[in-house]
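Q: Could you have a look at this structure, given as structure tokens, before my questions?
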Amino acid sequence: MENKSAKYFKYAIGEIILVVIGILIALQINNWNENNKLEVKKQDYYQQLLEDLKKDKEFSVKTIELLNKRRKEYESYQKEFYSSNLTLIDVYEKLLNLNINSRPIIFNSNTMESLQNSGEISLIPSDIRNKLIDLKNFQNSIKSNQTKNDLQKNNIMQRTLSLFGNLDLQKRVAKQKDLKSLLVTDENRREIILGWENMHAWKNFSERLSTRSLQDLLMGIDIIQKEINKKIKK
72 MENKSAKYFK YAIGEIILVV IGILIALQIN NWNENNKLEV KKQDYYQQLL
122 EDLKKDKEFS VKTIELLNKR RKEYESYQKE FYSSNLTLID VYEKLLNLNI
172 NSRPIIFNSN TMESLQNSGE ISLIPSDIRN KLIDLKNFQN SIKSNQTKND
222 LQKNNIMQRT LSLFGNLDLQ KRVAKQKDLK SLLVTDENRR EIILGWENMH
272 AWKNFSERLS TRSLQDLLMG IDIIQKEINK KIKK
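Below you can see the structure in the form of structure tokens.
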């Protein structure tokens, strides 16, 4: 009986050990599967982030090129005062030919917003995560500054448009001295030119600020792209 009890006890211990080992193996496999799923998800987020950063980089480069082109056009207009004999109509037309539209600042933040809203931002290593958050805050700052600058520009433009009148009408009455003197006074002429020039000067100044900010943004994007590419599994 004692031998049978000892054998049964050993058998039971062996069974328990096997069950525990089985459970541990199952947990290990489950953990491995979960970690593998998280890694796959993380790698997918890396690719999405890189795609967003690539689009932001392309947009920033094109925007800088456009703003530089507009700046050169504005500088060319200013230089004409020193190289040409301009009439009032010449000045009006040249001012009108300068682009007054603002370049909308739009960044691709869908992946970052999705990560933050879902809480899965924690999947991204802290060094990259902090850089991404800083980059997003900087992008928001650029957009906010552009909105404020546009408001200033529009305020100047609205005040000027009320004085500008119809340029085509001014051309049609150019030889009608009486009508011309009634339609435009000397004060209005000064207000029109000064107002429009003020608007372009402010636009030129604000776009210079945007250009510098976008150049800084490009450097930040380059750094993050390199960090993420190190984490990509080939």
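Going by the working numbering, the first residue of the sequence shown is number 72, and it counts up by one from there.
Think of the CB as a built atom: it goes at the ideal place given N, C-alpha and C, for glycine as much as any other residue.
Just so you know, these numbers come straight off a predicted model, no measurement behind them.
If we ignore side chains and look at the alpha-carbon of each, how far apart do Q296 and L120 end up?
A: 9 Å
Q: Closer than 8 Å is the cut-off here; do at least three beta carbon pairs connect the stretch 132-150 with the stretch 168-177?
A: yes
Q: For K113, which residues of its own chain have a beta-carbon under 6 Å away from its beta-carbon, when the five flanking residues on both sides are left out?
A: L194
Q: What residue range is occupied by the uninterrupted alpha helix (DSSP H) comprising S189?
A: N181 to S189
Q: Can you look up D239 in the DSSP assignment and give me helix, strand or coil?
A: Annotation note: pLDDT 49 at D239 (below 50); position unreliable, no value reported.
Q: Do the CB positions of R174 and L138 come within less than 8 Å of each other?
A: Against a cut-off of 8 Å, the Cβ pair of L138 and R174 comes out as a contact.
Q: Could you name each continuous alpha helix (DSSP H) segment of 4 residues or more that falls completely within the stretch 143-230, going from the start of the chain to the end?
A: 159-168 and 181-189
Q: So, does the stretch 184-191 touch the stretch 283-302, judging by three or more C-beta pairs under 8 Å?
A: no
Q: Helix, strand or coil, according to DSSP, for I303 in the structure here?
A: Of the three classes helix, strand and coil, the one that applies to I303 here is coil, per DSSP.
Q: Quick check: what's the CA-CA separation for K140 versus K133?
A: 11 Å
Q: Between the Cα of F209 and those of Q223, I177, D221 and L186, spot the shortest distance and give me the residue it belongs to.
A: I177
Q: Would you kindly work out how many angstroms separate the C-alpha atoms of I160 and Q223, rounded to a whole number?
A: 26 Å
Q: Have a look at L250 and Y163 and give me their C-alpha separation to the nearest angstrom.
A: Legend: pLDDT at L250 = 44, less than 50; position of this residue unreliable, value from coordinates given subsequently. Near 19 Å, if we compare the C-alpha coordinates of Y163 and L250.
Q: Going by the beta-carbon positions, is the gap between I213 and S277 smaller than 8 Å?
A: No, these two residues do not count as a Cβ contact at 8 Å.
Q: Starting from the Cα of N179, find the closest Cα among K128, L95 and E136 and give me that residue.
A: For N179, the nearest C-alpha among the options comes from K128.
Q: Look at the Cβ atom of I199, then the Cβ atom of I303, and state whether they are nearer than 8 Å.
A: no
Q: What do you reckon, are the CB atoms on T218 and W267 nearer than 8 Å?
A: no
Q: So, at 8 Å on beta carbons, what are the nonlocal neighbours of M270 in its own chain, with the 5 sequence-adjacent residues on each side left out?
A: I171, K224, I227, M228 and T231
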